[in-house]
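UniProt numbering numbers the first residue of the sequence shown as 1 and each following residue consecutively.
No residue lacks a Cβ here, since even glycine has one placed at the ideal position from N, Cα and C.
Quick caveat: nothing in here was measured; it's all calculated off a predicted structure.
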Amino acid sequence: MNRKILILLAFTLLFASNCRKKTEEILLPEKIYVIPFVNNTVSVYHSLDTLERVSAFEKDKYWVVSGILKLVPKNQGDKVISFLFGDCDSRFKCSDGKFYIKLNSIHYNSDAGLDVAMSLAAPYSPVYIAKKDQVDSIIEGIQYYNQPSSEYPAKGLNSSFVDHVLEITKSLEKQDRSEFLIPFYVLQKMIVTKGNVNFPEFDGSNYKISSTLQSILDAKTSGSLSSFVFPTPLSDKQFKVLEELVEETRKERIFNLMNVEKSWQTIQKEFKELVKVPDTKQKVLESILKTAEYKVIGREGITQINGLDPKQENGVKFQKNKTTGNLEIVSSNTALNTFEVSQSEILPNTEDSVKLRLTSPTGEELILESIGIPKAFKGAETLKEYIKTIPKTIDEILSNGNTIQKSAMDAALRFGVGKFDRESGKYIYEIQNVNVVLALFKNNSVFNASDSECSQEVSSRFGDIIITKYYQKYDKATKVQTLFLNYEIEGCARECNTYPYPDNLCFTTGDSLIVKFNPSDLEVSEGVGINFSAAKSEYCNYPFANHE
Numbered sequence: 001m002n003r004k005i006l007i008l009l010a011f012t013l014l015f016a017s018n019c020r021k022k023t024e025e026i027l028l029p030e031k032i033y034v035i036p037f038v039n040n041t042v043s044v045y046h047s048l049d050t051l052e053r054v055s056a057f058e059k060d061k062y063w064v065v066s067g068i069l070k071l072v073p074k075n076q077g078d079k080v081i082s083f084l085f086g087d088c089d090s091r092f093k094c095s096d097g098k099f100y101i102k103l104n105s106i107h108y109n110s111d112a113g114l115d116v117a118m119s120l121a122a123p124y125s126p127v128y129i130a131k132k133d134q135v136d137s138i139i140e141g142i143q144y145y146n147q148p149s150s151e152y153p154a155k156g157l158n159s160s161f162v163d164h165v166l167e168i169t170k171s172l173e174k175q176d177r178s179e180f181l182i183p184f185y186v187l188q189k190m191i192v193t194k195g196n197v198n199f200p201e202f203d204g205s206n207y208k209i210s211s212t213l214q215s216i217l218d219a220k221t222s223g224s225l226s227s228f229v230f231p232t233p234l235s236d237k238q239f240k241v242l243e244e245l246v247e248e249t250r251k252e253r254i255f256n257l258m259n260v261e262k263s264w265q266t267i268q269k270e271f272k273e274l275v276k277v278p279d280t281k282q283k284v285l286e287s288i289l290k291t292a293e294y295k296v297i298g299r300e301g302i303t304q305i306n307g308l309d310p311k312q313e314n315g316v317k318f319q320k321n322k323t324t325g326n327l328e329i330v331s332s333n334t335a336l337n338t339f340e341v342s343q344s345e346i347l348p349n350t351e352d353s354v355k356l357r358l359t360s361p362t363g364e365e366l367i368l369e370s371i372g373i374p375k376a377f378k379g380a381e382t383l384k385e386y387i388k389t390i391p392k393t394i395d396e397i398l399s400n401g402n403t404i405q406k407s408a409m410d411a412a413l414r415f416g417v418g419k420f421d422r423e424s425g426k427y428i429y430e431i432q433n434v435n436v437v438l439a440l441f442k443n444n445s446v447f448n449a450s451d452s453e454c455s456q457e458v459s460s461r462f463g464d465i466i467i468t469k470y471y472q473k474y475d476k477a478t479k480v481q482t483l484f485l486n487y488e489i490e491g492c493a494r495e496c497n498t499y500p501y502p503d504n505l506c507f508t509t510g511d512s513l514i515v516k517f518n519p520s521d522l523e524v525s526e527g528v529g530i531n532f533s534a535a536k537s538e539y540c541n542y543p544f545a546n547h548e
């Protein structure tokens, strides 16, 4: 089956005010079925006149509502909202035996046969629509998604449902991906390779892995893998998307460990957690070993190894054990020969070295202490070194910065308070210094005002938005400084008009300017986000945007 694009169906507002669109019912080519995707409630109505709710689909149950007959648009003010209309399920008390569900609350897959105009939005929603012959396989998929410890369907998952799951996974926050993504990936990799793939240090206890995956792992351990009957694999395209999602997670974990300023205690903790993503910890360990020389502690016959260059004295090379997938350290010194690493940890150490404990499958240990910080951790010192280069006054920062984003990042590091946020993968800093905030606001491509100016007429257009004036006030009694912004919005229906919005509060003493940036922005400040913490209008932040 070709891959179908799964989308969240959200009907666009057809036209702005003063425009009415003729609404026509659309008969569907055949009855379709409504199935819950996740544990959510969906409102069901029996009248479009009052939109009185009949009931809500229950949580935590795998139900199917059949008999969707047609699409019914309805005018609500200046909007057109569409509803699915069908026969009322026996559990709901519908006075006329009919019910309606808002279309923009429903996800549907393209196999369902809803041939209607639509706009694309985030692919995540509480219910799923399908044709009759798709219902059983989709319910199987939903049950597996909600209960990943269950048996995996022998025929595999419905193809369009897999696409939906992959799209959902893309839309999740990075920290929420691993719970389903990693064990699902491991299972699919095992299916594709008939169980002949190795995942060093993979620990199934971190996840609710399916009984099918556990059976494959058990068969591999017992040597009975050849007799195992493998389920149907995903398509090549779907598996490629799955691999890309895992690789993205892997790269993000590695980057955040190696390139972010943090204590060695935090690095120790995060290094342990890398085992949750297949092959990640072994890759990190290899990069650490390859970028430094090490003293060997407590082992007779060898005092030092050189991971930087295998051709140099005490040089070692690294390879992957073909049977276990573990990293091996290979040395010409007979006191070491080949050391296979099945487990590794970072030990407490001084500020200028990294100490590692490596353990072989037989329990033999190798303790290494780096001579200097391995180059793999070079990024961990980057922020400290960068801060040393930032000027000490806001005027100098503004003079040095070629963009307002660069100036805001430097000002945040010099005058703000913040830290690296592991969930978002960004540094988040807060500036409360009023003078710094005002200087940043007034010295950018939109205003370029002097310090002495308390107001200025401007005309900066951003699409339909025109900023017309900014001005600041200072209350001597309370010592409160306030910044306002005036703007206009152009709108066209039958005629074009301009609507003024004066006195929009952007910032007052006690508020903050929030600056978010990636570790990589220390080199190229393109991803810096700058926002007032309590702005009464989103347009207050427009002067800080990168409009190039």
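> Does DSSP classify residue 554 as helix, strand or coil?
Replying inline: The displayed coordinates of the chain run from 1 to 548. Any statement about residue 554 would go beyond what the structure contains.
> Excluding five sequence neighbours on each side, which residues of the same chain lie with their C-beta closer than 7 Å to the C-beta of V480?
Replying inline: T508 and T509
> Looking at C-alpha atoms only, which residue of I514, V316 and L505 is the closest neighbour of S537?
Replying inline: L505
> In three-state terms, what does DSSP make of K74?
Replying inline: strand
> By a C-beta neighbour count over all protein chains shown, 10 Å radius and 16 as the cutoff for buried, is Q319 buried or exposed?
Replying inline: exposed
> Which residue's Cα is closest to the Cα of P148: N158, F180, D163 and F161?
Replying inline: For the set N158, F180, D163 and F161, the Cα lying nearest the Cα of P148 is the one of F180.
> Quick one: is A376 buried, meaning 16 or more other Cβ sit within 10 Å of its Cβ, or exposed?
Replying inline: By the C-beta density criterion, A376 is buried, having at least 16 other C-beta atoms within 10 angstroms.
> Are the Cβ atoms of I191 and T232 separated by less than 9 Å?
Replying inline: yes
>> Helix, strand or coil, according to DSSP, for Q432 in the structure here?
In response: coil
> Among F184, L166, N206 and S226, which one has its Cα closest to the Cα of G195?
Replying inline: S226
> Is R461 helix, strand or coil by DSSP?
Replying inline: strand
>> Report the CB separation of V275 from E385 in whole angstroms; it is logged as a contact under 8 Å.
In response: Not confirmed; about 31 Å, so no contact.
>> Let's test the definition: count the other Cβ atoms within 10 Å of the Cβ of E457 and tell me whether it reaches 16, buried, or not, exposed.
In response: exposed
> When burial is assigned at 16 or more other CB atoms within 10 Å of the CB, is D163 buried or exposed?
Replying inline: buried
> Within 10 angstroms of its Cβ, does D279 collect 16 or more other Cβ (buried), or is it exposed?
Replying inline: buried
>> Assuming contact is defined by CB atoms lying nearer than 9 Å, are I465 and E430 in contact in what I supplied?
In response: no
> Do L413 and L440 have their C-beta atoms closer together than 9 Å?
Replying inline: Taking 9 Å as the Cβ cut-off, L413 and L440 do not qualify as a contacting pair.
>> Using only the alpha-carbon positions, how far apart do K132 and Q188 sit?
In response: Taking the straight line joining both Cα atoms gives about 27 Å.
>> Looking only at its chain, what residues have a beta carbon closer than 6 Å to the beta carbon of A117, apart from the 5 residues adjacent to it on each side?
In response: Residue confidence is low: A117 scores 40 on pLDDT, short of 50, so the model does not pin down where it sits. Its coordinate-derived value is still stated next. Excluding sequence neighbours, A117 sits near nothing in its chain.
>> I'd like to confirm something about P183: is its beta-carbon nearer than 8 Å to some heavy atom of the ligand MN, or not?
In response: With respect to the ligand MN, the structure offers nothing, as it holds no ligand at all.
> On the premise that K419 lies in contact with F517, defined as a C-beta separation below 8 Å, what is that separation, rounded to the nearest angstrom?
Replying inline: Contact annotation, F517 with K419: C-beta distance approximately 12 Å; criterion of less than 8 Å not satisfied.
>> Using DSSP's beta-bridge definition, name the partner residues of I367.
In response: I297 and R357.
> Which runs of the alpha helix (DSSP H), 4 residues or longer, sit entirely within the segment 137–212?
Replying inline: 159–171 and 174–192
>> Would the segment 148–161 count as touching the segment 205–213 if we require 3 or more Cβ pairs under 8 Å?
In response: Touching, yes.
>> Relative to the C-alpha of L522, which candidate in F544, N259 and S263 has its C-alpha closest?
In response: N259
> Should Q134 be labelled buried (16 or more other beta-carbon atoms within 10 Å of its own) or exposed?
Replying inline: Here Q134 is buried: its Cβ has 16 or more other Cβ atoms, across all protein chains shown, within 10 Å.
> Is the beta carbon of Q405 sitting closer than 9 Å to the one on G416?
Replying inline: No. Outside cutoff.
>> Helix, strand or coil, according to DSSP, for P502 in the structure here?
In response: Here DSSP, grouped into helix, strand and coil, assigns P502 to strand.
> How is the alpha helix (DSSP H) around E25 delimited, first residue to last?
Replying inline: Note, E25: premise wrong, no alpha helix (DSSP H); not H, not E.
> For S520, which of helix, strand or coil comes out of DSSP?
Replying inline: helix
> What are the complete beta strand (DSSP E) segments, minimum 3 residues, inside the segment 374–423?
Replying inline: 417–421
>> Suppose you measure from the CA of F498 to the CA of E490; what does that come to, to the nearest Å?
In response: Residue identity differs from the one stated: residue 498 is Thr in this sequence, not Phe. If you take the alpha carbons of T498 and E490, they lie about 4 Å apart.
>> Tell me the rounded alpha-carbon separation between K355 and T338.
In response: Each residue's Cα considered, the two are about 20 Å apart.
> Which same chain residues, not among the five before or five after residue 555, have their C-beta less than 6 Å away from its C-beta?
Replying inline: The shown model of the chain, from 1 to 548, leaves out residue 555, and the question about it has no answer.
>> Need the endpoints of the beta strand (DSSP E) that L347 sits in, please.
In response: Q343 to L347 is the span of the beta strand (DSSP E), which, as asked, contains L347.
> Roughly how many angstroms separate the alpha carbons of P391 and D410, rounded to a whole number?
Replying inline: Going from the Cα of P391 to the Cα of D410 covers about 8 Å.
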